[in-house]
Amino acid sequence: MKNILETLLAGQPLASEAAEAVLDRILNGEVPPEVTGALLAALRMRGETPPEIVGFARALRARMQKVETGLPLTLDTCGTGGDGGVTFNVSTAVGLLLASLGVPVAKHGNRAVSSQSGSADVLEALGLPLQHSPEGVQRALQATGFGFCFAPSFHPVLKEVASLRRSLGVRTIFNLLGPLCNPAEVSHQLLGVYDRKLTPILAEVLRDLGTTAALVVSSEDGLDELSLAAPTQVSELKEGRITTYLLTPEEAGLPRQSLAELEGGSAADNAALLERIFAGEKGPARDLVCYNAAAALWITGQAESLKAGAALAGEALDQGRVQTTLSALRRLA
Numbered sequence: 152m153k154n155i156l157e158t159l160l161a162g163q164p165l166a167s168e169a170a171e172a173v174l175d176r177i178l179n180g181e182v183p184p185e186v187t188g189a190l191l192a193a194l195r196m197r198g199e200t201p202p203e204i205v206g207f208a209r210a211l212r213a214r215m216q217k218v219e220t221g222l223p224l225t226l227d228t229c230g231t232g233g234d235g236g237v238t239f240n241v242s243t244a245v246g247l248l249l250a251s252l253g254v255p256v257a258k259h260g261n262r263a264v265s266s267q268s269g270s271a272d273v274l275e276a277l278g279l280p281l282q283h284s285p286e287g288v289q290r291a292l293q294a295t296g297f298g299f300c301f302a303p304s305f306h307p308v309l310k311e312v313a314s315l316r317r318s319l320g321v322r323t324i325f326n327l328l329g330p331l332c333n334p335a336e337v338s339h340q341l342l343g344v345y346d347r348k349l350t351p352i353l354a355e356v357l358r359d360l361g362t363t364a365a366l367v368v369s370s371e372d373g374l375d376e377l378s379l380a381a382p383t384q385v386s387e388l389k390e391g392r393i394t395t396y397l398l399t400p401e402e403a404g405l406p407r408q409s410l411a412e413l414e415g416g417s418a419a420d421n422a423a424l425l426e427r428i429f430a431g432e433k434g435p436a437r438d439l440v441c442y443n444a445a446a447a448l449w450i451t452g453q454a455e456s457l458k459a460g461a462a463l464a465g466e467a468l469d470q471g472r473v474q475t476t477l478s479a480l481r482r483l484a
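As structure tokens, this is what we get:
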């Protein structure tokens, strides 16, 4: 481990195989916490490279409980978080909306870390069950098109580093791994990140991990999702190629809004807001959900354009389709 640490401190990158071996040893409990902390800090200071992130992701994927969906297409809308939790649970709302439109969603998520309400928190506030086993996710997907993979249940090995991460108190490579290690090994992703410089990096990582297609997004106003208040940087992975560009809400036929109109609150507050959106209430919050859903519909091939995707999403909300999905999920509880 000393040689690895010296390599990192010298500013040199690790090959993906070396990075995978490093995390294996950490998760096996073979590395003292102070050395692990130094390794994570060195990676963070220099900036994690795609091969290093790939190696860490492969090591964690090898140890997670896997969900065999048997489906040719599955989507995750999980993001990195870390944007301060400015908005409500947009990615969770988008996942439920897409499931109501027939896109199978295996949502990976956890409780709140940097916000008041994580995806698990708001789902519980909506009266929905959290899936703690591969069989539970499979049943939910088959019955409703939406399965929730509660991260601690599928990645028990991360308990090895939980206390160290808390004591460090800063972002590390582990903040990037959640969206890269979905237990259902999804084919498509809409992945929001907290820093624009990460969009091309994580698009490259997803390609190397075998993802079919993805949009990695980070807005100019600091959201880990497509924003109605500012342009959003997008790195698109499609057919093995990565292109990076800016998107604006106008391209989806939606108006600009201020961030103040889109603020989130507690899990109960956010659940109440989602219920109103799913009941067809118009307004900025609905538009934000439709915008992000449009991007997911486009990258999965379900819409020919952002405008078409936003229209499909709006129709589903007006028709109460998500409420039907919620009812089916509640019956599983």
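Per our numbering, the very first residue in the sequence shown carries number 152; after that it's consecutive. In this text, a Cβ means the ideal position worked out from N, Cα and C, and glycines have one as well.
Does the Cβ of residue i have 16 or more other Cβ atoms within 10 Å, making it buried, or fewer, making it exposed?
{"i": "Glu455", "result": "exposed"}
{"i": "Arg482", "result": "exposed"}
{"i": "Ser495", "result": "Shown here, the chain extends from 152 to 484; a query on residue 495 therefore has no answer."}
{"i": "Gln163", "result": "exposed"}
{"i": "Pro334", "result": "buried"}
{"i": "Glu181", "result": "exposed"}
{"i": "Asn443", "result": "buried"}
{"i": "Gly452", "result": "exposed"}
Determine, for residue i, whether the minimum Cβ-Cβ distance to residues of chain B falls below 8 angstroms.
{"i": "Ala192", "result": "In the displayed structure, chain B is absent; only one protein chain is listed."}
Measure the Cβ-Cβ separation of residue i and residue j and say whether it is below 8 angstroms.
{"i": "Ser268", "j": "Asn421", "result": "yes"}
{"i": "Arg209", "j": "Glu171", "result": "yes"}
{"i": "Gln474", "j": "Pro435", "result": "no"}
{"i": "Ala447", "j": "Thr228", "result": "yes"}
{"i": "Thr394", "j": "Gln384", "result": "no"}
{"i": "Pro255", "j": "Leu281", "result": "no"}
{"i": "Gly343", "j": "Val368", "result": "yes"}
{"i": "Leu425", "j": "Leu279", "result": "no"}
{"i": "Val337", "j": "Phe325", "result": "no"}
{"i": "Lys217", "j": "Pro307", "result": "no"}
{"i": "Leu247", "j": "Thr476", "result": "yes"}
Suppose you measure from the CA of residue i to the CA of residue j; what does that come to, to the nearest Å?
{"i": "Gly460", "j": "Ala250", "result": "14 angstroms"}
{"i": "Lys389", "j": "Gly198", "result": "25 angstroms"}
{"i": "Ala423", "j": "Leu190", "result": "42 angstroms"}
{"i": "Ile450", "j": "Pro183", "result": "43 angstroms"}
{"i": "Arg214", "j": "Gly404", "result": "43 angstroms"}
{"i": "Met152", "j": "Val273", "result": "41 angstroms"}
{"i": "Arg290", "j": "Gly298", "result": "8 angstroms"}
{"i": "Thr158", "j": "Ser314", "result": "26 angstroms"}
{"i": "Asp175", "j": "Thr363", "result": "26 angstroms"}
{"i": "Gly260", "j": "Val245", "result": "13 angstroms"}
Shortest alpha-carbon distance to residue i belongs to which of the options?
{"i": "Leu165", "options": "Gln408, Ala193 and Glu185", "result": "Ala193"}
{"i": "Val205", "options": "Arg427, Val473 and Cys332", "result": "Cys332"}
{"i": "Leu360", "options": "Pro201, Leu178 and Leu374", "result": "Pro201"}
{"i": "Gly320", "options": "Gly188, Ser167, Asn179 and Glu466", "result": "Gly188"}
{"i": "Asp469", "options": "Ala302, Thr243, Leu252 and Gly230", "result": "Leu252"}
{"i": "Glu168", "options": "Leu159, Ile177 and Phe207", "result": "Phe207"}
{"i": "Glu406", "options": "Ala418, Leu374 and Cys441", "result": "Before going on, a small fix: residue 406 reads as Pro here, not Glu. Nearest C-alpha to Pro406: Cys441."}
{"i": "Ala365", "options": "Ser378, Glu371 and Pro351", "result": "Pro351"}
{"i": "Phe305", "options": "Gly415, Leu156, Glu219 and Leu457", "result": "Glu219"}
{"i": "Ala294", "options": "Arg176, Leu349, Ala257 and Ala302", "result": "Ala257"}
{"i": "Ala381", "options": "Thr363, Glu387, Phe239 and Glu401", "result": "Glu401"}
{"i": "Leu499", "options": "Phe301, Leu353 and Met196", "result": "An answer regarding residue 499 cannot be provided, because it is not within the stretch 152 to 484 covered by the chain."}
{"i": "Leu349", "options": "Leu224, Asp375, Thr399 and Leu413", "result": "Asp375"}
{"i": "Ala418", "options": "Gly246, Glu466, Glu275 and Ile177", "result": "Glu275"}
Secondary structure, beta strand (DSSP E): runs of 3+ residues fully inside the region 356-406: Restricting attention to beta strand (DSSP E) runs no shorter than 3 residues, the region 356-406 encloses them at 364-370, 383-389 and 392-398, ordered along the chain.
Completely contained alpha helix (DSSP H) runs for the region 228-278, where each covers 4 or more residues: The region 228-278 contains these whole alpha helix (DSSP H) runs: 241-251 and 270-276.
Length-filtered (4 minimum) alpha helix (DSSP H) runs lying within the region 271-322: Correct list: 285-295, 302-305 and 310-319.
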